[in-house]
Amino acid sequence: MDKGGERRQPGWGVPYSGWFLQLFGTVSARMIAIIFCAAGPMAIIAGFQAWNSYRHTLQAPAFRADMAISRIDLEVRHDVDHIGALLSSVSRMSLDENGFVRTLQMARSLTGEFYRLALLDDEGRVLLAVNGDTPLPLPDQVPYEDLPRFSGDVRVVQLDIPSPDTVRHSYIRVTLSTPIADSLGTVRSGFLTAVMPVVWSRHHLQIGDPRLDFMQKNGAIDAWIIGRDRTLSPLCDDCASPGPPPPDVVRWLGGMTSVQRDTRQTLSVGDAAFAYGPIEGGVAALTMTRRNPAETQALVMFVIWLFIIVSLLGLCLIMVTQSANALLIAPLRRLTDSVERWQAGDGVFNARSNWVVPVEIRQLARAFTQATRSLARDERRLARAAVRQELLLKEMHHRVKNNLQIVASLLNLQANRIRQTEAREEFAQARDRVRALATLHRYLYAEGELFSMNMEHFVTELCSQIMQAAGHAGGGRLDLSVHAATLELEPDQAVPLALIITEIVSNAIKHAFADGRRGTISVRLERVEPSQARLDIADDGIGLAGGYRLSGEERSGIGMQLIRGFARQLGGSLKIIEEDGTRYILLFPLKAEETGDLVR
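So the sequence shown is residues 3 to 602, counted in my numbering.
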C-alpha cells in the first residue's frame, strides 16, 4: 500500500488503476475489449469444437488400429470355439479308430483343410492324425499339463513351432477328452486334439469373409502376430508381406513391461498408428493403419479454416477500429480540441458537427456550446464586478490612509500645544500608532494587494518611520537593523503585528538608551516552520527594568498591555528576555493561505 492507500503492483511504480487506464484508456481499446468479451465465448466454443474434431481426426488411425486388434481377437476366438464345437460333436459319437479317421477327414474337408486333427490315447500319445498337403508338425506325445483334466474340459494352448523357412509361427492347440471304442465294444478314454495356425490363409477363407480386409494388397490395415518369444510374423501367410515394423515400433515393443503386454497399447509414428494387444490363445497382435485421404483433407481444411477465422476476426477488428476512429473517436477528438482551445482563451467555444457525427456527441457539443457561452457571459460580468470591487477597496484604503494621516497630524498639532511632558509623549505615542496604521493602508493601496501584503518592505519602512519620528533618522547614536522575510500576511494579521513593532521599537528608543547611550535596535521577522513565523526585536540598552526605573514608569503600562493584547490577538506566545539589553520573541501561527507560500 502507498500513502494514499492505493494498491500498487509489485515491481511497477504504477497504481493498478493508472495501469488499467493506460491500457484501456482509449475508445478503440475499449471497443476491442468489448468485441472480445462478446465474441470471445463463441470463439472459444468454436475453437474447442474444432480442436476436438482435429484431435479426433488425429486419433482416428489409432482408434482403427485398436479396433483391428479387437477384430483379430474376435476371429481367433470364433475359430477356437468352432473347432472346439467340432471336436465336442465328434467325441459324443463314441467311435473306434477307423470311425475317427473317416469322421476327422470329413470334418477337415468341410472346414477347408485349415486344421490338423489327431486322436490321442489316455497318456497323450498320437494314435492317428489327419494331415493335409502341408502337415503341421506335432509331437509324438502331448505333454501331460496340456491335456484336459475332466470330461468337458477344453484345453487351449499356444504353440511356437519352427517352419521350414526358420521362422517360428504361432499355432493354437485345442484338446478335449473323448471315449474310444474297439471292435469288441470296449470303451477306453482318449483325447481329440486339433492344431490351427493363428495366421490366416487366403485360400482357406470364403468370399465375403471379413478377414479378407486384412489381406488386401496395400490395404488400410497391416497386421502381425507376436509369439511367446516376441517374434513377429504376418497375419496372412500367403498375402503380400507388409514388411517389418519401423525400428521405433520394434523398440517400443521390446521396452514393454509384463503389465503392459497384458493390456492394449497404441503408438503414433508420423501419419501411421500402431496398436498392440493380447488375443485368444496367449499370443498378441500388432496392427498398423495410416491416415486416409479424407482424414488428411480434414486436417488441411482445419488449418485453412483456422487461418480464415483468424483472418476474418483480425479484419473485423481492424474495420471496427477504423470505423470507431472515423465515426466516434475523430468527432470526440475535435470536440476535445475545441474545449482545449476554449480553455486556452482562444475565442468562444464552438464545435462544428454534421450528420456523420453520432447524435449523442452532437447533443454534447451543443450542450458544451451553450454552457460555455453562458459561462463566458458570467465571467465578463464577474470581471467587471471584480474591477469595480478592487477600485472600491483601493479607494477605501486610500481614504482610510488619508483620514489616519489627518488624525496623526491633528494629534501632532495637539501635542505641540501641550506643556506637560508626559501628556505630550502620550500624544506622540498615539500619533505613532496612527501613523503605523496609515502606512499599512498605504501599502495595501499602493501594491494593489487588497487581501494580503508583503511584510518585507513594510516592516523596513515602518521601523525607519519610527526612528525618523523620534529624531534618529540618518544614523547617530542609535543604529537600526531590519531583516524581514517575504511573508504574505492578511490585513487582520498585519495590523496587530505593525502595532506590536511600533510599541516595542518606540519603547526601546524611549527607555533603553537613557543618558545619551549609543546602541543598536534589531528587528527580525522570519518563518521558522511552514505554519509559524517569529518576530524577534532586541536592543543592547540598559534593559527593561532599568529603563522603567529611570523614567519612573511601571512595567505594566499601556504599552505592555497593548503588546500582550496584540500578541493574543495573533494567537501567539510572547517571551521577554532581559540579558544584555531587552529581547522580545513573538511566535505566532500563519493562516492557511500563508502556509502554502515559501520564504524567498
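Positions of the beta carbon are idealized from the N, C-alpha and C atoms, including for glycine.
Next item on the list: Under 8 angstroms Cβ to Cβ from G518, same chain only, skipping five residues before and after it: list those, please.
Entry: Listed in chain order, the non-local C-beta contacts of G518 below 8 angstroms within the same chain comprise R479, local neighbours out to five positions each way being set aside.
Check: If you check the beta carbons only, do K577 and I565 fall under 8 angstroms apart?
Finding: No, the pair does not count as a contact, with Cβ atoms beyond the cut-off.
Next item on the list: Could you work out which residue in W307, L119, V361 is closest to M48 when comparing CA atoms only?
Entry: The question names Met, but residue 48 is Ala in the sequence shown. Ranked by how close their Cα comes to the Cα of A48, the residues W307, L119, V361 have W307 in first place.
Check: Hey, which unbroken runs of the alpha helix (DSSP H) at 4 residues or more fall wholly within the region 220–278?
Finding: Counting only unbroken stretches of 4 or more residues, the alpha helix (DSSP H) elements lying wholly within the region 220–278 are 249–256, 260–263, in sequence order.
Next item on the list: Give the DSSP-derived three-state secondary structure of L395 in the structure shown.
Entry: In the displayed model, L395 falls within a helix according to three-state DSSP.
Checklist line | Residue closest to A569, alpha-carbon to alpha-carbon, out of T584, E581, P591 | finding: Closest option to A569, Cα to Cα, is P591.
Note to self: With H, G and I counted as helix, E and B as strand and the rest as coil, what does DSSP make of D582?
What the structure shows: Looking at D582 - three-state DSSP - the assignment turns out to be coil, as it is neither helix nor strand.
Margin query: I'd like to check one pair, L527 with M457: are the Cβ atoms closer than 8 angstroms?
Written below: Yes, the Cβ-Cβ distance between M457 and L527 is below 8 angstroms.
Item checked: Closest Cα partner of R536 within the set H485, N509, G543 -> Among H485, N509, G543, the Cα nearest to that of R536 belongs to H485.
Notebook entry, point to check: Secondary structure at N418, three-state DSSP: helix, strand or coil?
Noted result: Note: N418 maps to helix in three-state DSSP.
Notebook entry, point to check: Straight-line CA distance for W53 to Q372?
Noted result: Answer to the nearest angstrom: the Cα atoms are 58 angstroms apart.
Next item on the list: Would you be able to state if there are at least three C-beta pairs under 8 angstroms between the region 408–428 and the region 485–500?
Entry: No: fewer than three Cβ pairs fall under 8 angstroms.
Next item on the list: Assign N133 to one of two classes, buried (16 or more other C-beta atoms within 10 Å of its C-beta) or exposed (fewer than that).
Entry: It counts as exposed.
Margin query: So for Y173, helix, strand or coil by DSSP?
Written below: Correct three-state label for Y173: strand.
Check: Considering only C-alpha positions, which residue in the set F102, V285, V251 is nearest to I182?
Finding: Taking only the C-alpha atoms, the option nearest I182 is F102.
Next item on the list: Measure the alpha-carbon distance for V359 versus K593 and round it to whole angstroms.
Entry: For V359 and K593, the gap between their C-alpha atoms comes out near 52 angstroms.
Checklist line | Of the residues R433, E392, L499, A274, the one placed nearest P63, counting alpha carbons only | finding: Distance check between P63 and each of R433, E392, L499, A274 places A274 closest, using alpha-carbon atoms only.
Checklist line | Straight-line gap, L366 to R335 (C-alpha atoms, nearest Å) | finding: The alpha-carbon atoms of L366 and R335 are separated by roughly 13 angstroms.
Check: In this structure, what does DSSP give as the bridge partners for N133?
Finding: According to DSSP, N133 bridges with nothing at all.
Check: With 16 as the cutoff for other CB atoms within 10 Å, does Q51 come out buried or exposed?
Finding: Exposed: under 16 other Cβ atoms inside 10 Å.
Checklist line | From T177, L317, A31, N404, residue whose alpha carbon lies closest to that of L88 | finding: It is T177.
Notebook entry, point to check: Taking Cβ positions, are I560 and V507 nearer each other than 8 angstroms?
Noted result: In this structure, the beta-carbon distance from I560 to V507 does not fall below 8 angstroms.
Notebook entry, point to check: Distance, Cα to Cα, A500 vs E424?
Noted result: If you take the alpha carbons of A500 and E424, they lie about 24 angstroms apart.
Check: What do you reckon, are the CB atoms on I420 and C465 nearer than 8 angstroms?
Finding: No Cβ-Cβ contact shorter than 8 angstroms links I420 with C465.
Notebook entry, point to check: According to the Cβ coordinates, are I228 and L234 closer than 8 angstroms?
Noted result: Closer than 8 angstroms, so yes.
Margin query: I'd like the span of the beta strand (DSSP E) that includes G192, first residue to last.
Written below: Segment 189–199, the beta strand (DSSP E) holding G192.
Check: Rounded to a whole number of angstroms, what is the C-alpha to C-alpha distance between G574 and D541?
Finding: When rounded, the distance between both Cα atoms is 21 angstroms.
Notebook entry, point to check: Can you name the start and end residues of the beta strand (DSSP E) that G521 belongs to?
Noted result: DSSP places G521 in the uninterrupted beta strand (DSSP E) bounded by 521–531.
Item checked: Buried versus exposed call for E381 [16 or more other C-beta atoms within 10 Å across all chains shown] -> That one is exposed.
Check: Measuring CB to CB, does L194 end up less than 8 angstroms from L121?
Finding: Here L194 is near L121, since their CB atoms are less than 8 angstroms apart.
Check: So, helix, strand or coil for N100, using DSSP?
Finding: The three-state secondary structure of N100, taken from DSSP, is helix.
Item checked: E297 - DSSP class collapsed to helix/strand/coil -> DSSP places E297 in helix when its eight states are reduced to three.
Note to self: Quick test of the definition: if touching needs 3 or more C-beta pairs under 8 angstroms, does the region 312–324 touch the region 241–254?
What the structure shows: Between the region 312–324 and the region 241–254 there are fewer than three C-beta pairs closer than 8 angstroms, too few to call the two in contact.
Item checked: Cut-off 6 angstroms between Cβ atoms - residues of its own chain near H474, not counting five sequence neighbours on either side -> The beta carbon of H474 sits closer than 6 angstroms to those of L480, all from its chain and outside the five residues before and after it, given in chain order.
Check: What separation, rounded to the nearest whole angstrom, lies between the Cα atoms of D124 and G284?
Finding: Cα-Cα distance, rounded: 26 angstroms.
Item checked: M455 - partner residues in DSSP beta bridges -> Per the DSSP secondary-structure output, M455 pairs in a beta bridge with L491.
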